[in-house]
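In order, the protein sequence lines correspond to chains A and B.
Each residue of the first sequence is one higher than the one before, starting from 13 at the first, in the working numbering.
Each residue of the second sequence is one higher than the one before, starting from 6 at the first, in the working numbering.
Virtual Cβ for every residue (Gly too), placed ideally from N, Cα, C.
These figures come from a predicted structure and were not determined experimentally.
Below: one structure, written as structure tokens.
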Amino acid sequence: MSFTPGAEFGKANQEVVAGTLLTLARENKNVLVVTSDSRGSGKLMPYAAAVPDQLIEVGIAEQNLVGVAAGLASAGKTVYAVSPASFLTARALEQIKNDVCYSDQPVKLIGISAGVSYGALGSTHHAIHDIAVLRAINNITIIVPADNLETTEAIKAAAQMSHPVYIRFGKRPMPHLHPSGSPFEVGKALKIRDGRDIAFVATGETVYPALKAAEEMEQSGYSCRVISMHTIKPLDIEAVIRAAEECRAIVTVEEHRTAGGLGEACAAILMEANMQVPFKIVGIPDEYTMTGNQLEIFAHYGLTAPGLIRTAITLLEGNTG
Amino acid sequence: MTDDEVKIKSIYYRKKLLKYIKMANAGHTGGSLSCVDILNVLYNRILNVTPETFNDPGRDRYIQSKGHSVEALYVVLADRGFFPEEELETFYGYGSDYTGHPTRKVKGIEHNTGGLGHGLAFSVGVALAGQLDHAAYRVFTLLGDGELAEGSNWESLMAAAHYHLDNLCVIVDRNALQLTGKTEEMCGLEPLAQKLEAFGQEVRMVDGHNITALTEVLGMLPFTAGKPSVVIAKTIKGKGISFMENNPKWHHGVPNDRQYEQAQQELETRLAEIKS
């Protein structure tokens, strides 16, 4: 049976993470999940019930969460510190910088309900700064998986990593973007469809709207490439360069501020490679974020298929004059 | 080792840490002088760790949360054979591993510290791992008193009590001074022992310069089964050098040539007293 990317929905990535962690924990007693009153949000109730000795609760105390996780990792534990991305990467940023990254403790930082997943709860709960701040910190891999397969593989890959990693994702059920069994490699982008006019370089939950935009544009005769850039750091430089060489224009798409995220990382690569290509960064601009649920916020900032089509066509038509 | 022999080590540690601070023309002089007797007792009498066992999962851990007093740690580790003392001649220098705060690049150092309010959470994690593994090792962490204004410490104290970490010993270097001045004038800590007790810790007070008393209190761990132990070590910032004692100016003051000679002379006099 042929596989159509995006045709069927799977689970929320959060649920997939919890299931994968349980599998890992059952295989290895040294796997620990540390939470900051976040086992409910993280869908970790079944995990807590199944392997209670492998869950450490620190209460609503993210600084302590990360410090404790670093200490556990130093003593040989495989530690996943699970907390809402907003608090994990802002409240505990100094612990991430010093106790995890600088001290090179291989903690797996799991940012749940990332981006604007919390929607109408407002900006205190949004994590749209996390990629920017962590990009500026040495010795951490940043992964933003799009679908269930990428998420499962990222969580499994993290267990084997001997240096720090940050994995962030949201709450909504995600469509399957890759056939099961697809190879996943940290640092290597996945091409979901190929094309020569526009390349959508997207990450996390914005890959799906990019895919929908591409499908619709194809109906009007445009040939569209969609790349899931699941690893933001280290970035797949080759995939970005190839998109610039082979496509007429590039649109980057991210559930993050336009400052310091995927788009700027791609732009820097192209500038330094002396490559000129019509280029647009779609994300959340430097302003008080519009209120509303996640999809309303996406629509407001053009992170949905119609918005991305408008951006892409403007870029392409501008290019052809 | 007799008490006198340990006391003599303290004099040499002071002489050496001043030497390397003088060479580098930088360092945290006052705080290193206030905690060096504690480190002396830990490394020469209490900790079950040597250069040979430093990678052994069962070793005792020492985590220095007040990372700025790294000079005291460096001279004690060098004396215990973790690295050749001559390497300290590069202290503070370009390309040196001997930076102004501890890092794991230096053998004997468990954790990179320097930002305050970090060492205790890390120590709680190490102690928790020990508890989960039914390991016999103990975790010691040294905090500055000014550092206790960092709220993260209190998160960690709550967790230490919650998990009954009686393999954890927190030592507070209570010299009552911080960079700007007296701790009680910055953001008062007292009544400190009662606060710590209210957070579920078993607390003991000790003279942080009395080798015998330090040995005794650190030899009684845990103070109560099922509770973390806290030692409030009453110390004097700049201890051992008359003109540095209790003067916040020496937080990171470096002696000039005349002051350096006087400091070394005072230590020589003290050495002669102990030896006689």
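Chain A contact residues for residue i, given Cβ-Cβ distances below 7 angstroms
| i | result |
| --- | --- |
| B/Glu160 | Ala73, Gln75 and Asn76 |
Supposed close pair residue i, residue j - CB separation, criterion 8 angstroms
| i | j | result |
| --- | --- | --- |
| A/Val294 | A/Thr264 | 7 angstroms |
| A/Glu267 | A/Val128 | 6 angstroms |
| B/Ser160 | B/Leu121 | Correcting the residue type first, residue 160 of chain B is Glu in the shown sequence and not Ser. That pair is no contact at about 14 angstroms. |
| B/Pro233 | B/Ala165 | 4 angstroms |
| B/Asp42 | B/Ile237 | 14 angstroms between Cβ atoms; not a contact. |
| A/Ile253 | A/Met287 | 7 angstroms |
| A/Ile154 | A/Cys113 | Between A/Cys113 and A/Ile154 the Cβ distance is about 11 angstroms, and since that is not below 8 angstroms, they are no contact. |
| A/Thr90 | A/Asn42 | 5 angstroms |
| B/Ile63 | B/Ala132 | According to the sequence shown, residue 63 of chain B is Gly rather than Ile. Rounded, the Cβ-Cβ distance is 14 angstroms, inconsistent with contact. |
| A/Glu217 | A/Met186 | 7 angstroms |
Within chain A, partners of residue i - CB distance below 9 angstroms
| i | result |
| --- | --- |
| B/Leu170 | Going along chain A, no residue has its Cβ under 9 angstroms from B/Leu170, so there is no contact; the nearest lies around 11 angstroms. |
Chain B residues whose Cβ lies nearer than 7 angstroms to that of residue i
| i | result |
| --- | --- |
| A/Val70 | Ala164 |
| A/Lys89 | Ala134 |
| A/Tyr114 | Asn117 |
| A/Ala62 | Simply none; closest approach about 17 angstroms. |
Cβ pair residue i, residue j closer than 8 angstroms
| i | j | result |
| --- | --- | --- |
| A/Val274 | A/Ile309 | Reading off the sequence shown, one finds Leu at residue 274 of chain A, where the question assumed Val. In this structure, A/Ile309 does not lie closer than 8 angstroms to A/Leu274 by Cβ. |
| B/His33 | B/Glu76 | yes |
| B/Tyr67 | B/Phe145 | yes |
| B/Thr188 | B/Ala198 | no |
| B/His123 | A/Gly79 | yes |
| B/Arg85 | B/Thr220 | no |
| B/Val259 | B/Lys71 | no |
| A/Gly54 | B/Gly130 | no |
| B/Asp178 | B/Gly213 | yes |
| B/Leu78 | B/Tyr25 | no |
| B/Lys112 | B/Pro56 | yes |
| A/Ala61 | A/Arg147 | no |
| A/Ser189 | A/Val156 | First, the amino acid is wrong: residue 189 of chain A is Leu here, not Ser. No, these two residues do not count as a Cβ contact at 8 angstroms. |
| A/Gln306 | A/Arg184 | yes |
| A/Ala123 | A/Ala97 | The amino acid at residue 123 of chain A is misidentified as Ala; the sequence shows Gly. Cβ atoms of A/Gly123 and A/Ala97: closer than 8 angstroms. |
| A/Arg180 | A/Ala126 | yes |
| A/Arg237 | A/Ala201 | no |
| B/Pro107 | B/Thr118 | yes |
| A/Pro58 | A/Ala85 | no |
| A/Leu161 | A/Phe196 | yes |
Contacts that residue i makes with chain A (C-beta to C-beta distance below 8 angstroms)
| i | result |
| --- | --- |
| B/Pro62 | Ala87 and Gly88 |
| B/Arg109 | Ser115 and Asp116 |
Residue of the options minimising C-alpha distance to residue i
| i | options | result |
| --- | --- | --- |
| A/Tyr234 | A/Met241, A/Thr163, A/Ala225 and A/Ser240 | A/Ala225 |
| A/Asp159 | A/Pro17, A/Ala311 and A/Ala324 | A/Pro17 |
| A/Ser291 | A/Ala166, A/Ile143 and A/Gly330 | Reading off the sequence shown, one finds Phe at residue 291 of chain A, where the question assumed Ser. Of the candidates A/Ala166, A/Ile143 and A/Gly330, the one whose C-alpha sits nearest the C-alpha of A/Phe291 is A/Gly330. |
| A/Ala214 | A/Ile239, A/Met287, A/Thr163 and A/Pro96 | A/Ile239 |
| B/Val175 | B/Glu202, B/Asp102 and B/Lys24 | B/Glu202 |
| B/Glu115 | A/Gly207, A/Ala87, A/Phe196 and A/Gly272 | A/Ala87 |
| A/Glu74 | B/Asn158, B/His106, B/Ala140 and B/Met6 | B/Asn158 |
| A/Lys109 | A/Arg208, A/Gly304, A/Val63 and A/Asp142 | A/Asp142 |
| A/His137 | A/Thr326, A/Gly272 and A/Thr303 | A/Thr303 |
| B/Met191 | B/Ala83, B/Lys200, B/Glu273 and B/Gly151 | B/Gly151 |
| B/Val3 | B/Arg143, B/Arg109 and B/Thr104 | Outside the displayed span of chain B (6 to 281) sits residue 3 of chain B, for which this structure offers no information. |
| A/Phe99 | A/Asp111, A/Ala132 and A/Ile140 | A/Ile140 |
| B/Ala83 | B/Leu276, B/Asn45 and B/Trp255 | B/Asn45 |
Under 8 angstroms by beta carbon: chain B residues contacting residue i
| i | result |
| --- | --- |
| A/Leu84 | Gly130, Val131, Leu133 and Ala134 |
| A/Asn110 | Asn117, Thr118, Gly119, Gly120 and His123 |
| A/Ile107 | Note on identity: in this sequence residue 107 of chain A is Gln, with Ile being the wrong assignment. Neighbours of A/Gln107 on chain B, chain order: His123, Ala126 and Ser157. |
| A/Ala93 | What A/Ala93 touches in chain B: nothing, since even the nearest Cβ is about 10 angstroms away. |
| A/Ala170 | Here the premise fails: no neighbours, minimum Cβ distance about 18 angstroms. |
| A/Val80 | Ala126, Phe127, Val129, Gly130, Leu133, Ser161 and Ala164 |
Listed by chain order, chain B residues near residue i by CB distance under 9 angstroms
| i | result |
| --- | --- |
| A/Ala271 | Per Cβ cutoff of 9 angstroms: no residues; A/Ala271 is ~25 angstroms from chain B at best. |
Q) How about the segment 114 to 121 of chain A and the segment 167 to 184 of chain A: do they share at least three Cβ pairs that are nearer than 8 angstroms? A) yes
**Q.** Contact between the segment 225 to 243 of chain B and the segment 26 to 41 of chain B (3+ Cβ pairs under 8 angstroms)
**A.** yes
Q) Should the segment 43 to 51 of chain A be regarded as contacting the segment 62 to 70 of chain A, the criterion being three or more beta carbon pairs within less than 8 angstroms? A) yes
Q.
With three or more beta-carbon pairs closer than 8 angstroms as the criterion, would you say the segment 226 to 239 of chain B touches the segment 6 to 22 of chain B?
A. no
Q. For the 8 angstroms Cβ check, are there 3 or more pairs between the segment 249 to 259 of chain A and the segment 319 to 329 of chain A?
A. no
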